[in-house]
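**Student:** One structure, pasted below without further comment.
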Amino acid sequence: MSNTDNGTKIYTPLTLKLYDWWVLCISNSYAWNCSTKDILIPYFLQNLSPNHLDIGVGTGYYLTKIPAHYNISLMDLNPASLKAASARVGEDRIHYKVRHDVFESYPEELHGKFDSISMYYLIHCLPGTMEDKRIVIKNAKAALTKGGILYGATILGDKVRHNSFALKLLQIYNKKGIFSNFSDSEEELKKMLSHYFKNIDVIVKGAVAMFSAHGKK
Numbered sequence: 003m004s005n006t007d008n009g010t011k012i013y014t015p016l017t018l019k020l021y022d023w024w025v026l027c028i029s030n031s032y033a034w035n036c037s038t039k040d041i042l043i044p045y046f047l048q049n050l051s052p053n054h055l056d057i058g059v060g061t062g063y064y065l066t067k068i069p070a071h072y073n074i075s076l077m078d079l080n081p082a083s084l085k086a087a088s089a090r091v092g093e094d095r096i097h098y099k100v101r102h103d104v105f106e107s108y109p110e111e112l113h114g115k116f117d118s119i120s121m122y123y124l125i126h127c128l129p130g131t132m133e134d135k136r137i138v139i140k141n142a143k144a145a146l147t148k149g150g151i152l153y154g155a156t157i158l159g160d161k162v163r164h165n166s167f168a169l170k171l172l173q174i175y176n177k178k179g180i181f182s183n184f185s186d187s188e189e190e191l192k193k194m195l196s197h198y199f200k201n202i203d204v205i206v207k208g209a210v211a212m213f214s215a216h217g218k219k
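Under this note's numbering, think of the first position of the sequence shown as 3, with each following residue one higher.
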């Protein structure tokens, strides 16, 4: 099992059935203080293009908000997540479905392919520090068109205020290897994105950083 697997192995068919309730409803509202409905969904849609790749697909919840005529592609290391998201969105709407480790270079056929790429709740699940995760941004950049945008949301572990519920979850998830974000901060996120993009924007709501980057270097 690769290190990347540690953050994805929690997503079994059983836990995926609980994901929307526990993560998108309970945790986002009461631990991370960043509403799925009021903040995360609008941010997802405002950066979306009709030619889109979602990386770290979860249950496919956000993808159900995409207009029916949009071109959707999926990337995840976990086959259970790919299966759940595909079934939820509809196989006929999926253009590419790729099981892939984001720390590895993307298949050549995906290079320069997408006008938008989303990474929702992916980065905090990846092993290592922001410096270690930098290669993930580099690999995703290669799949963007010249004017494409990379965007997403990630839970910060450092230099944000956490309530007691959030602190408990951070301790449990980091100990189990589900999260690796104790040192993830807004500053480190900006530094990572700026390494590969000319224009970046980071907005912090509660313990969640929403980010966008365009203008490939």
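Beta carbons: idealized from backbone N, C-alpha and C, even for Gly. Quick caveat: nothing in here was measured; it's all calculated off a predicted structure.
1) Buried or exposed, going by whether 16 or more other CB atoms sit within 10 Å of the CB of GLY159?
2) Tell me which residues share the same chain as THR156 and place their Cβ nearer than 6 Å to its Cβ, disregarding the 5 neighbours each side in the sequence.
3) Looking at C-alpha atoms only, which residue of ILE205, ARG90, ILE174 and ASP56 is the closest neighbour of LEU79?
4) Using alpha carbons as the reference points, say which of SER37, ALA89 and SER118 lies closest to ASN73.
5) Put HIS113 into one of helix, strand or coil per three-state DSSP.
6) Considering Cα atoms alone, identify which of TYR45, ASN183 and VAL162 is closest to LEU172.
7) Output the distance between the C-alpha atoms of LYS177 and ALA70, rounded to the nearest integer angstrom.
8) So, are the CB atoms of TYR122 and SER214 less than 7 Å apart?
9) Taking the straight line between their C-alpha atoms, what separation do you get for ILE28 and SER37?
10) According to the neighbour-count rule (16 or more other Cβ atoms, all chains shown, within 10 Å of its Cβ), is LYS143 buried or exposed?
11) Give the DSSP-derived three-state secondary structure of ASN8 in the structure shown.
**Tutor:** Put simply:
1) buried
2) ILE125, HIS126 and ALA211
3) ASP56
4) Just measuring C-alpha positions, the residue of SER37, ALA89 and SER118 sitting nearest ASN73 is SER118.
5) In the three-state DSSP reduction, HIS113 falls in the coil class, being neither helix nor strand.
6) ASN183
7) 40 Å
8) no
9) 10 Å
10) buried
11) Confidence at ASN8 is low in this model, with a pLDDT of 48, below 50, so its placement is unreliable and the value that follows should be read with caution. Three-state result, ASN8: helix.
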